[in-house]
Amino acid sequence: MKLNGRQVTAQLTHIPGFDGDKIRRALRIREVRDIWSQLVEQPILNHTNAVYIFTNDNRREMHVYVDESIYAAELNNRRELIKLACREQYGEVLDDFQIHISRGMRKKEYPYQEHQEKTSTHTLSSQQEQENPYLSGQQKSFHLSDEEKNRITDQVSAIPDERLKRHFIQAMIRDLECKKSQS
Numbered sequence: 001m002k003l004n005g006r007q008v009t010a011q012l013t014h015i016p017g018f019d020g021d022k023i024r025r026a027l028r029i030r031e032v033r034d035i036w037s038q039l040v041e042q043p044i045l046n047h048t049n050a051v052y053i054f055t056n057d058n059r060r061e062m063h064v065y066v067d068e069s070i071y072a073a074e075l076n077n078r079r080e081l082i083k084l085a086c087r088e089q090y091g092e093v094l095d096d097f098q099i100h101i102s103r104g105m106r107k108k109e110y111p112y113q114e115h116q117e118k119t120s121t122h123t124l125s126s127q128q129e130q131e132n133p134y135l136s137g138q139q140k141s142f143h144l145s146d147e148e149k150n151r152i153t154d155q156v157s158a159i160p161d162e163r164l165k166r167h168f169i170q171a172m173i174r175d176l177e178c179k180k181s182q183s
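The opening position of the sequence shown corresponds to residue 1 in full-length UniProt numbering, with each subsequent residue numbered one higher.
This is the structure we're talking about:
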């Protein structure tokens, strides 16, 4: 005889110290996250910080927290489509769908980040890394001598804007360090 999750939870409640409410909450959190991951595409998942579905004043509400306003605007455009898909695919009839921009510590939470790393199909081949040292995550560290840095400074001395000059110097130093580390 196979047991489903609720039957197992019911059996576990007989164990002293078992917190069934905590288990049910964890299962519901996972269920809501799975629903959300099926409703939207990966780029939105990458910027999702939290998703909640709960009842408030006899109204079923979904609250989604994203880290950037552009994703909030995109979700706002899809508001009714998401509510419809949620009802048709998962039986969750939503009266309200709220989108929030994350603030504070919540902005650092990315529950779908691990999912993204597992499903990512874009990886660099070793040949691509060798051809373009900027793509390689494991570059050798190489520092320029003072003479080489002075030569770079002399080359950009004709640039009147100090901020622009400083950025050119930094870019040229990094470029030369990268080229020297390849040889």
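We put the CB at the ideal spot given by N, CA and C, even for glycine.
Per-residue burial, residue i [other beta carbons within 10 Å of its own, 16 or more giving buried]
i, result
"methionine 62", "buried"
"glutamate 117", "Low local confidence applies: a pLDDT of 49 at glutamate 117 is under 50, so the model's placement there is unreliable, with the coordinate-based value given in what follows. It is exposed - the Cβ of glutamate 117 has fewer than 16 other Cβ atoms within 10 Å."
"phenylalanine 54", "exposed"
"leucine 164", "exposed"
"lysine 83", "buried"
"isoleucine 99", "buried"
"histidine 81", "Per the sequence shown, residue 81 should be read as leucine rather than histidine. With fewer than 16 other Cβ atoms within 10 Å, it is exposed."
"residue 191", "Nothing about residue 191 can be reported from this structure: the residues present for the chain run from 1 to 183 only."
"histidine 122", "With a pLDDT of only 42 at histidine 122, under the threshold of 50, the placement of this residue in the model should not be trusted, and no figure is reported."
"glutamine 155", "exposed"
Sheet register partners of residue i (DSSP bridge)
i, result
"isoleucine 53", "Met62"
"threonine 153", "None; threonine 153 has no bridge partner."
"aspartate 96", "Glu61"
"threonine 48", "Val66"
"isoleucine 101", "Val66"
Nearest neighbour of residue i, chosen from the options [CA to CA]
i, options, result
"proline 43", "Asp19, Ser102, Lys22 and Leu75", "Leu75"
"arginine 30", "Asp21, Val51, Ala73 and Phe18", "Val51"
"glutamate 109", "Gly20, Asn49 and Ile173", "Asn49"
"glutamate 68", "Asp96, Val93, Leu94 and Ile101", "Ile101"
"leucine 39", "Tyr90, Tyr65, Asp161 and Asn150", "Tyr90"
"residue 195", "Ile152, His143 and Ser157", "Any answer about residue 195 is impossible in this case: the structure gives the chain only from 1 up to 183."
"glutamate 59", "Leu94, Ala26 and Arg151", "A quick correction: the sequence has arginine, not glutamate, at residue 59. Considering only alpha carbons, the answer is Leu94."
"glutamate 41", "Ala26, Arg28 and Tyr71", "Tyr71"
Residue i versus residue j: straight-line alpha-carbon distance, rounded
i, j, result
"tyrosine 134", "isoleucine 173", "Since pLDDT at tyrosine 134 reaches only 47, below the 50 mark, its modelled position is unreliable, and the value read off the structure follows with that caveat. Taking the straight line joining both Cα atoms gives about 14 Å."
"glutamate 92", "histidine 47", "23 Å"
"serine 126", "serine 145", "Confidence in serine 126 is poor, its pLDDT being 47 and thus under 50, which makes the residue's placement unreliable; the coordinate value appears in the next sentence. Whole-angstrom Cα-Cα distance: 30 Å."
"glycine 17", "proline 111", "28 Å"
"aspartate 21", "arginine 33", "18 Å"
"aspartate 161", "isoleucine 169", "12 Å"
"arginine 24", "glutamine 11", "13 Å"
"glutamine 138", "cysteine 178", "Here the model assigns glutamine 138 a pLDDT of 46, short of 50, so the residue's position is not dependable, and the following value carries that caveat. If I take the Cα positions, the gap works out to 11 Å."
"lysine 107", "tyrosine 65", "8 Å"
"asparagine 77", "tryptophan 36", "16 Å"
"glycine 104", "phenylalanine 97", "22 Å"
"alanine 85", "aspartate 19", "33 Å"
"lysine 149", "aspartate 175", "12 Å"
"lysine 180", "isoleucine 159", "25 Å"
"arginine 166", "aspartate 57", "59 Å"
"arginine 79", "alanine 73", "10 Å"
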